[in-house]
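The end of the sequence shown is residue 1457 by the working numbering, with every number in the run present. Please read the structure below before turning to the comments.
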Amino acid sequence: MENELTNNGNAEEHNLPQTGEIIGQYDNAEQYEKVLGEITQEINNIIEFAAQSTDWRDIRSRLTDSKDKLKGLFLKEADNNHLLDVINDTIESVNARQTEEKQKLDVTSQENYDSVIDRVREAVAQSDALTDFKKAREVLLSAQDLFKNLALKRSHRDELNNMIHEAFDSLTNRQIDERENYEMECIENYHNSKGVVEEAIAFSQKSAHYGKAREALI
């Protein structure tokens, strides 16, 4: 084996990139076995992580990185193919687990969505009917809490959140409209009362009868 690797000490030099660095060359069988053992252990650690984690993106990233590193080690074909098979088998296993998890989430999400959708709709309708805006907001916040911690896929969560957000927007617009109407009413009342007061003051200034002038002001 040593002859294969060193060609009697005059072997062509091989640069062995590892994450962008040169790790040296195989001067003898012992060095080769050391590198093989290290990459094997690294791949085994990734496989162990993959078996315990559900962070699919991170798992795939680590497996892809290990394949890229393997390409740069220039291992013997049998060793290289064995490790590639191990990595590819792990990728297939991860894909199968992710598909299974997605199917489970789809079922769970539908059940959770069905359990709250009617109550959320009722809360939105109740909020829309209330003229006590503080109470209306409390109703919507309570409805939001119904699904905040439930396992839901994105489409279900987005639908429920959109219902609540639209109800809050509607409530805010109603508050703005009521405030504007109240301000307009105050202005109108001010102008109406201003004319009456001015007439009463003018009458009191001209009247010789104190009692009648006082009644006009009142």
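Virtual Cβ for every residue (Gly too), placed ideally from N, Cα, C. All of these numbers come straight from a predicted model, not from anything done at the bench.
Ordered along the chain, which non-local residues of its own chain (more than five positions away) have a Cβ less than 7 Å from that of residue i?
i: T1279; result: L1322
i: L1275; result: L1314, D1318
i: E1340; result: T1293
i: Q1365; result: V1378
What are the boundary residues of the alpha helix (DSSP H) that residue i is part of?
i: L1322; result: 1316–1368
i: K1308; result: 1295–1310
i: K1374; result: 1372–1386
i: Y1271; result: 1268–1291
Out of the options, which one is the CA nearest neighbour of residue i?
i: R1360; options: I1403, N1327, E1281; result: I1403
i: D1297; options: D1324, E1398, K1343, I1330; result: I1330
i: L1312; options: L1391, Q1291, Q1270; result: Q1270
i: N1400; options: L1380, I1415, D1416; result: L1380
i: I1286; options: Q1383, D1345, D1328; result: D1328
i: S1348; options: L1391, N1284, Q1342; result: L1391
i: A1335; options: I1415, M1423, R1299; result: R1299
i: D1353; options: E1281, H1395, C1425; result: H1395
i: T1303; options: E1316, K1273, I1282; result: I1282
i: V1363; options: V1346, Q1291, E1405; result: E1405
Taking CB distances under 8 Å as the criterion, tell me whether residue i reaches chain D.
i: D1328; result: Of the protein chains in this structure there is only one, and it is not chain D.
Using a Cβ-Cβ cutoff of less than 6 Å, which residues in the same chain neighbour residue i once the five nearest sequence positions on both sides are dropped?
i: L1389; result: N1351
Do residue j and residue i have their beta-carbon atoms positioned less than 8 Å apart in this structure?
i: Y1333; j: A1289; result: The sequence shown places Val at residue 1333, rather than the Tyr named in the question. Yes. Within cutoff.
i: F1372; j: L1410; result: yes
i: R1358; j: A1382; result: yes
i: I1326; j: K1306; result: yes
i: W1295; j: Q1342; result: no
Tell me which same chain residues have a C-beta within less than 8 Å of the C-beta of residue i, skipping the five on either side of it?
i: R1376; result: S1366, F1407, L1410
i: L1344; result: A1390, K1392
i: T1370; result: none
i: R1301; result: I1285, F1288, A1289
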